[in-house]
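Student: Here it is: the structure, laid out below.
2 protein chains.
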Amino acid sequence: MAISPLAPAAFPALPEIGGVERRVVCARYKDWARADLSFVTLSPGTQVAGVTTRNVCCSHEVEICREGISGGRARALIVNAGNSNAFTGWRGAQTVSILQGESAAHLDCPVSEIFVSSTGVIGVPLPEDRARAGLHAAFAADPCSWQQLAEAITTTDTFPKGATASAVVGTKTVHISGIAKGSGMIAPDMATMLAYIFTDAAVDAPLLQQMIATANATSFNAITVDGDTSTSDTLLIFATGTAGNAPLSSIDDPGADALYAAIHDVCRQLAHQIVRDGEGAQKFIAISVTGAVHDASAHRVAMAIANSPLVKTAIAGGDANWGRVVMAVGKAGEPADRDRLSIRFGDVMVARDGLPVDGYDEAPVSAHLAGQDVDVAVDLGLGSGRAQVWTCDLTHGYIEINADYRS
Amino acid sequence: MAISPLAPAAFPALPEIGGVERRVVCARYKDWARADLSFVTLSPGTQVAGVTTRNVCCSHEVEICREGISGGRARALIVNAGNSNAFTGWRGAQTVSILQGESAAHLDCPVSEIFVSSTGVIGVPLPEDRARAGLHAAFAADPCSWQQLAEAITTTDTFPKGATASAVVGTKTVHISGIAKGSGMIAPDMATMLAYIFTDAAVDAPLLQQMIATANATSFNAITVDGDTSTSDTLLIFATGTAGNAPLSSIDDPGADALYAAIHDVCRQLAHQIVRDGEGAQKFIAISVTGAVHDASAHRVAMAIANSPLVKTAIAGGDANWGRVVMAVGKAGEPADRDRLSIRFGDVMVARDGLPVDGYDEAPVSAHLAGQDVDVAVDLGLGSGRAQVWTCDLTHGYIEINADYRS
Numbered sequence: 130m131a132i133s134p135l136a137p138a139a140f141p142a143l144p145e146i147g148g149v150e151r152r153v154v155c156a157r158y159k160d161w162a163r164a165d166l167s168f169v170t171l172s173p174g175t176q177v178a179g180v181t182t183r184n185v186c187c188s189h190e191v192e193i194c195r196e197g198i199s200g201g202r203a204r205a206l207i208v209n210a211g212n213s214n215a216f217t218g219w220r221g222a223q224t225v226s227i228l229q230g231e232s233a234a235h236l237d238c239p240v241s242e243i244f245v246s247s248t249g250v251i252g253v254p255l256p257e258d259r260a261r262a263g264l265h266a267a268f269a270a271d272p273c274s275w276q277q278l279a280e281a282i283t284t285t286d287t288f289p290k291g292a293t294a295s296a297v298v299g300t301k302t303v304h305i306s307g308i309a310k311g312s313g314m315i316a317p318d319m320a321t322m323l324a325y326i327f328t329d330a331a332v333d334a335p336l337l338q339q340m341i342a343t344a345n346a347t348s349f350n351a352i353t354v355d356g357d358t359s360t361s362d363t364l365l366i367f368a369t370g371t372a373g374n375a376p377l378s379s380i381d382d383p384g385a386d387a388l389y390a391a392i393h394d395v396c397r398q399l400a401h402q403i404v405r406d407g408e409g410a411q412k413f414i415a416i417s418v419t420g421a422v423h424d425a426s427a428h429r430v431a432m433a434i435a436n437s438p439l440v441k442t443a444i445a446g447g448d449a450n451w452g453r454v455v456m457a458v459g460k461a462g463e464p465a466d467r468d469r470l471s472i473r474f475g476d477v478m479v480a481r482d483g484l485p486v487d488g489y490d491e492a493p494v495s496a497h498l499a500g501q502d503v504d505v506a507v508d509l510g511l512g513s514g515r516a517q518v519w520t521c522d523l524t525h526g527y528i529e530i531n532a533d534y535r536s
Numbered sequence: 130m131a132i133s134p135l136a137p138a139a140f141p142a143l144p145e146i147g148g149v150e151r152r153v154v155c156a157r158y159k160d161w162a163r164a165d166l167s168f169v170t171l172s173p174g175t176q177v178a179g180v181t182t183r184n185v186c187c188s189h190e191v192e193i194c195r196e197g198i199s200g201g202r203a204r205a206l207i208v209n210a211g212n213s214n215a216f217t218g219w220r221g222a223q224t225v226s227i228l229q230g231e232s233a234a235h236l237d238c239p240v241s242e243i244f245v246s247s248t249g250v251i252g253v254p255l256p257e258d259r260a261r262a263g264l265h266a267a268f269a270a271d272p273c274s275w276q277q278l279a280e281a282i283t284t285t286d287t288f289p290k291g292a293t294a295s296a297v298v299g300t301k302t303v304h305i306s307g308i309a310k311g312s313g314m315i316a317p318d319m320a321t322m323l324a325y326i327f328t329d330a331a332v333d334a335p336l337l338q339q340m341i342a343t344a345n346a347t348s349f350n351a352i353t354v355d356g357d358t359s360t361s362d363t364l365l366i367f368a369t370g371t372a373g374n375a376p377l378s379s380i381d382d383p384g385a386d387a388l389y390a391a392i393h394d395v396c397r398q399l400a401h402q403i404v405r406d407g408e409g410a411q412k413f414i415a416i417s418v419t420g421a422v423h424d425a426s427a428h429r430v431a432m433a434i435a436n437s438p439l440v441k442t443a444i445a446g447g448d449a450n451w452g453r454v455v456m457a458v459g460k461a462g463e464p465a466d467r468d469r470l471s472i473r474f475g476d477v478m479v480a481r482d483g484l485p486v487d488g489y490d491e492a493p494v495s496a497h498l499a500g501q502d503v504d505v506a507v508d509l510g511l512g513s514g515r516a517q518v519w520t521c522d523l524t525h526g527y528i529e530i531n532a533d534y535r536s
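Chains A and B, in that order, are what the protein sequence lines are.
With this note's numbering applied, the first sequence corresponds to residues 130 to 536, in that order.
With this note's numbering applied, the second sequence corresponds to residues 130 to 536, in that order.
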């Protein structure tokens, strides 16, 4: 698979996070030679928080993560790539239990502090022999780079995804390094993906949970590729506390705002990279909705536009077919008034108060749509609710990738 | 555009309906030579009922039809093809008023008895000069066949759509002839389409409304091509009463059940033809959901499966990727239990009680998926709610048609 034309020029330089050790091995979950089992250890006392898919047919791994998050402590993360282990009943669950048990014995910690994710094809139990052999190889492996870890968790991704930010908390500079995978089956609640964020900041699990849930709403939950929601989506954040700042426990503590802003920044960067790797994506599309009756309404209207196959194919074709935007606004099930609607492509207003703008200049609109970054702005003219979401266009590449995924 | 591989062999022979006269002309709404303005007159006293789009940005024509339906009487139907006139403000509305006014004068009837639909590109006002000239030409034109009418209302359709059924009401045989157009922007509430059904039965407008709303729920509202909802969807039924049966006013009247069944049959046939002409469709997919907590829940689960791009691309590729069906069930937002789920492709159960069926035979499944008619059945194992919906696969053809529609 060719690298997405929207990929960043290079994987970013992510700072080391004290207390985090990364190892990857090839467990051969598929018939390939690449690393596909990742094992990340975390220093004792590491705090954890996270958000998981709302798909009611979620995988056993997602249930494991939810339980682990409720405990607030983490010692290790295992990620299997190439097999999601979802919808595999007791057999899939048994293999996950074995991975947890052997890791907990290896690290001398409770089983509940071992987090497991699996990603890939649904409905095929994770093979116990390969998973165990891979895990034992990982125990003995040399540590690897962030980029190697980011590559080992990918499936249909065309590039590894990483992001970093830092913040000053008290007298200490704290660092955040995050990785993510995902390209298809991306939708809100949760965007279909795995994302792991690591920080050396000292922050209590309840505050960490508050921060990640808030950051998620306007990052991973504001992207969509195809409107489909995975059974395995997981976003976890681990705080090792090795930076030595005074532990944060409230958003009102000095430095907590700065830490939150940095976490949000990393989430936003990773979310955008997932869209930029959307299956078949040729264009990165930002959709802004203003003038809604409230923010949640604006978000739903923006998502209706972002998920419309007719809007996404029009933009793929460089076609300023704003009529399809009107259609998507109207089908969102939110308050809207045809005669107050305004629509902008790039910097050009093409429709205002329910009418095409007389004699607007199509040349800059066409030029804007010919580029890789497309902005669509809709004003509903009703209130002050606003939201922004991101998506990609719908192209032949999406069909090619998905019409023959299992074979 | 090549004719859909799923098209019927030929346009059916539709019986004449007493009191209905069809005429079509070329108003040149686009730069083409085909008929694109249809004018159907109905004998005085014709009863009318109908259902229109729930898209809140609906066209002025839809508002006109809603008002007309509330009056219950119709004398004429005008359909413009190639321009939907939606989102064109007062200018679009003015042209429609002119068409209504001149038709009402021509037929010596109230303006409220003139029904107008327009279909095609959004956001360009219907040109008043062409519309008026076309209408006057239609006044003077010779009557045309059902097939010519069905062809004149199409846009991106690859074949004209017609269906018929009959029923015995009292001592009379009544006939129903229906036509429809639609291939993209098809979704529930209303499937994006125009459909017009004509019967010579004598039936009062309120009962006719009850019948068409009920029939719509399990026909046009049970199909989807791309989940998008048009701003112009309209389904109208006209009853001229020329068959001479004792007028029906209650569903309990003798013969009313038979008439309803025939109307439902015509709606179902036309709805299936729209799916068979789905943009880029190579396969006709029937999705059945049983075991839901109630019928409405089953319908929503079935629609989540039918609208999933990942399910639709897998079937396009002949891939029995039932994991994507699980994913779609889980994202529907309806009660479901992963461990009670069973899934069938054709006659073969591939998953039962949340687990792949051990050693099921993939050969008949692959053979079934290689065909043009695909059946997917899901049992949720929770209750007795059931529903069936129809859709098509998502192929390169869909992208080709929609990435360059305006040009």
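Note that beta-carbon positions come from the ideal geometry of N, C-alpha and C, so glycine has one too.
1) Just tell me which of D165(A), A215(A) and E280(A) has its CA closest to the CA of D468(B).
2) Starting from the C-beta of H525(B), find all residues in its chain whose C-beta is less than 7 Å away, skip the five residues before and the five after it, and write them out in chain order.
3) Quick check on DSSP: helix, strand or coil for M432(A)?
4) Going by the DSSP bridge assignment, what does M478(B) pair with across the sheet?
5) What residues from the stretch 384-399 of chain B come within 9 Å of chain A, judged by C-beta to C-beta, listed N to C?
6) Closer than 9 Å, CB to CB, is R453(B) near chain A or not?
7) Strictly below 7 Å CB to CB, what residues from chain A border K412(B)?
8) How about V154(A) and A270(A): do their beta carbons lie closer than 9 Å?
9) If you measure beta-carbon to beta-carbon, which residues of the stretch 466-478 of chain A are closer than 9 Å to chain B?
10) Mind checking if A320(B) is an interface residue toward chain A, Cβ cutoff 9 Å exclusive?
11) Please list, in chain order, all residues of the same chain as N345(B) whose beta carbon is under 8 Å from its beta carbon, the five residues on each side excluded.
12) Closer than 8 Å between beta carbons: that is the criterion. Which residues of the stretch 197-215 of chain A meet it against chain B?
13) L336(A): which of I392(A), S306(A) and S348(A) sits nearest, CA to CA?
14) Less than 9 Å between CB atoms is the rule here; does C521(B) satisfy it with respect to chain A?
15) Is there a Cβ from chain B that is less than 9 Å from the Cβ of I251(A)?
16) Mapping the DSSP letters down to three states, classify S378(B) as helix, strand or coil.
17) Considering only C-alpha positions, which residue in the set I434(B), R453(B) and N450(B) is nearest to A461(B)?
18) For a contact meaning CB atoms closer than 7 Å, what does N184(A) contact in chain B?
19) For Q411(A), which residues of its own chain have a beta-carbon under 8 Å away from its beta-carbon, when the five flanking residues on both sides are left out?
20) Is the Cβ-Cβ distance between A421(A) and A516(A) less than 9 Å?
21) Ignoring anything shorter than 4 residues, give me the alpha helix (DSSP H) runs that lie fully in the stretch 377-454 of chain B, in order along the chain.
22) Is the stretch 485-502 of chain B close to the stretch 378-385 of chain B, with three or more CB pairs under 8 Å?
23) Excluding the five sequence neighbours on either side, which residues of its own chain have a C-beta within less than 7 Å of the C-beta of S247(B), listed in chain order?
24) So what's T300(A) in DSSP terms, helix, strand or just coil?
25) Within the same chain, show all residues whose beta-carbon is closer than 7 Å to that of V240(A), passing over the 5 residues directly before and after it, in chain order.
26) Helix, strand or coil for R151(B), going by three-state DSSP, please let me know.
27) What's the gap between the Cα of V250(B) and the Cα of M456(A)?
28) Can you find a C-beta in chain B that's less than 9 Å from the C-beta of I193(A)?
29) Going along chain A in order, which residues have a C-beta closer than 7 Å to the C-beta of D355(B)?
30) Quick one, which of I366(B), M340(B), D487(B) and D406(B) has its alpha-carbon nearest G384(B)'s?
31) Beta-carbon of G483(A) versus every beta-carbon of chain B: anything under 9 Å?
32) Please return the same chain residues whose Cβ sits closer than 6 Å to the Cβ of G475(A), not counting the five positions on each side in sequence.
33) Tell me the rounded alpha-carbon separation between T170(A) and R473(A).
34) Listing by chain order, which chain E residues have their CB less than 9 Å from the CB of C187(A)?
Tutor: Taking the geometry as given:
1) For the purposes of this step, residue 468(B) is identified with residue 339 of the second sequence, where counting begins at 1. The shortest Cα separation from D468(B) among D165(A), A215(A) and E280(A) belongs to A215(A).
2) Along the second sequence, read from residue 1 onward, the residue named residue 525(B) stands at position 396. Excluding residues up to 5 positions away in sequence, G409 lie with their Cβ nearer than 7 Å to the Cβ of H525(B) in the same chain.
3) As a working note, residue 432(A) is residue 303 in the first sequence. Judged by DSSP in its simplified three-state form, M432(A) adopts helix.
4) Working through the second sequence from its first residue, we reach residue 478(B) at position 349. The partner list for M478(B) (beta bridge, DSSP) reads R473(B).
5) Across the stretch 384-399 of chain B, no CB contact with chain A closer than 9 Å is found for any residue.
6) Along the second sequence, read from residue 1 onward, the residue named residue 453(B) stands at position 324. With 9 Å as the cut-off, R453(B) counts as an interface residue toward chain A.
7) Position 283 of the second sequence holds residue 412(B). Residues of chain A whose Cβ lies closer than 7 Å to the Cβ of K412(B) do not exist; the shortest such Cβ separation is about 11 Å.
8) Working through the first sequence from its first residue, we reach residue 154(A) at position 25. Working through the first sequence from its first residue, we reach residue 270(A) at position 141. A contact, by the Cβ cut-off of 9 Å.
9) Closer than 9 Å at the C-beta level to chain B, one finds these residues of the stretch 466-478 of chain A: D466, R467, D468 and L470.
10) One-based indexing of the second sequence puts residue 320(B) at position 191. Residue confidence is low: A320(B) scores 39 on pLDDT, short of 50, so the model does not pin down where it sits. No coordinate-derived value is stated.
11) Residue mapping note: residue 345(B) aligns to position 216 of the second sequence, counting from 1. Excluding five sequence positions before and after N345(B), the CB atoms of its chain that fall closer than 8 Å to its own CB belong to V180, M319, L364 and C396, given in chain order.
12) The stretch 197-215 of chain A vs chain B, Cβ under 8 Å: S213 and A215.
13) One-based indexing of the first sequence puts residue 336(A) at position 207. That would be I392(A), whose Cα lies nearest to the Cα of L336(A).
14) The sequence position of residue 521(B) within the second sequence is 392, counting from 1. Judged by the 9 Å Cβ criterion, C521(B) is not in contact with chain A.
15) For this step, residue 251(A) is matched to residue 122 along the first sequence. True, the Cβ-Cβ gap to chain B drops below 9 Å.
16) Position 249 of the second sequence, counted from the start, is the residue given in the question as residue 378(B). Three-state result, S378(B): coil.
17) In the second sequence, residue 461(B) corresponds to position 332, counting from 1. The candidate whose alpha carbon is nearest that of A461(B) is I434(B).
18) If you number the first sequence from 1, residue 184(A) lands on position 55. Think of a sphere of 7 Å around the beta carbon of N184(A): the chain B residues whose beta carbon falls inside it are M456, G459 and K460, in chain order.
19) Numbered from 1 along the first sequence, position 282 holds the residue referred to as residue 411(A). The beta carbon of Q411(A) is closer than 8 Å to those of P134, L135, A445, Q501, C521, D522, T524 and G526 in its chain, skipping five residues each way along the sequence.
20) For the purposes of this step, residue 421(A) is taken as the residue at position 292 of the first sequence. For the purposes of this step, residue 516(A) is taken as the residue at position 387 of the first sequence. Yes, the pair counts as a contact, with Cβ atoms nearer than the cut-off.
21) Secondary structure remark: continuous alpha helix (DSSP H) runs of at least 4 residues inside the stretch 377-454 of chain B, in chain order: 385-405, 424-435 and 438-445.
22) No, the stretch 485-502 of chain B is not in contact with the stretch 378-385 of chain B.
23) Indexing the second sequence from 1 puts residue 247(B) at position 118. The residues S188, E190, N209, N212, S213, N214, L255 and S361, in chain order, have a CB closer than 7 Å to that of S247(B) in the same chain once the five nearest residues on each side in sequence are set aside.
24) Residue mapping note: residue 300(A) aligns to position 171 of the first sequence, counting from 1. It is coil, neither helix nor strand.
25) Start at 1 with the first residue of the first sequence, and residue 240(A) comes out as number 111. Counting only residues of its own chain and dropping the five nearest sequence neighbours on each side, V240(A) has a CB closer than 7 Å to the CB of Q229, G230 and A233.
26) For the purposes of this step, residue 151(B) is taken as residue 22 along the second sequence, with counting starting at 1. DSSP places R151(B) in strand when its eight states are reduced to three.
27) Looking up residue 250(B) in the second sequence gives position 121. Looking up residue 456(A) in the first sequence gives position 327. Using only the alpha carbons, I get a separation of about 11 Å.
28) As a position in the first sequence, residue 193(A) is number 64, starting the count at 1. Cβ-Cβ to chain B under 9 Å: no for I193(A).
29) What you label residue 355(B) is simply residue 226 of the second sequence in a count that begins at 1. Neighbours of D355(B) across chain A, judged by C-beta separation under 7 Å: P438 and L439.
30) Reading the second sequence from its first residue, position 255 is the one you call residue 384(B). Answer by Cα proximity: M340(B).
31) Looking up residue 483(A) in the first sequence gives position 354. Judged by the 9 Å Cβ criterion, G483(A) is in contact with chain B.
32) As a working mapping, residue 475(A) is identified with position 346 in the first sequence. Closer than 6 Å at the Cβ level, and outside the excluded window around G475(A), lie H497 and D504.
33) Here the question's residue 170(A) lines up with position 41 in the first sequence. Here the question's residue 473(A) lines up with position 344 in the first sequence. In a straight line, the C-alpha of T170(A) is about 48 Å away from that of R473(A).
34) The chain labelled as chain E is not found among the protein chains of the depicted structure, namely A and B.
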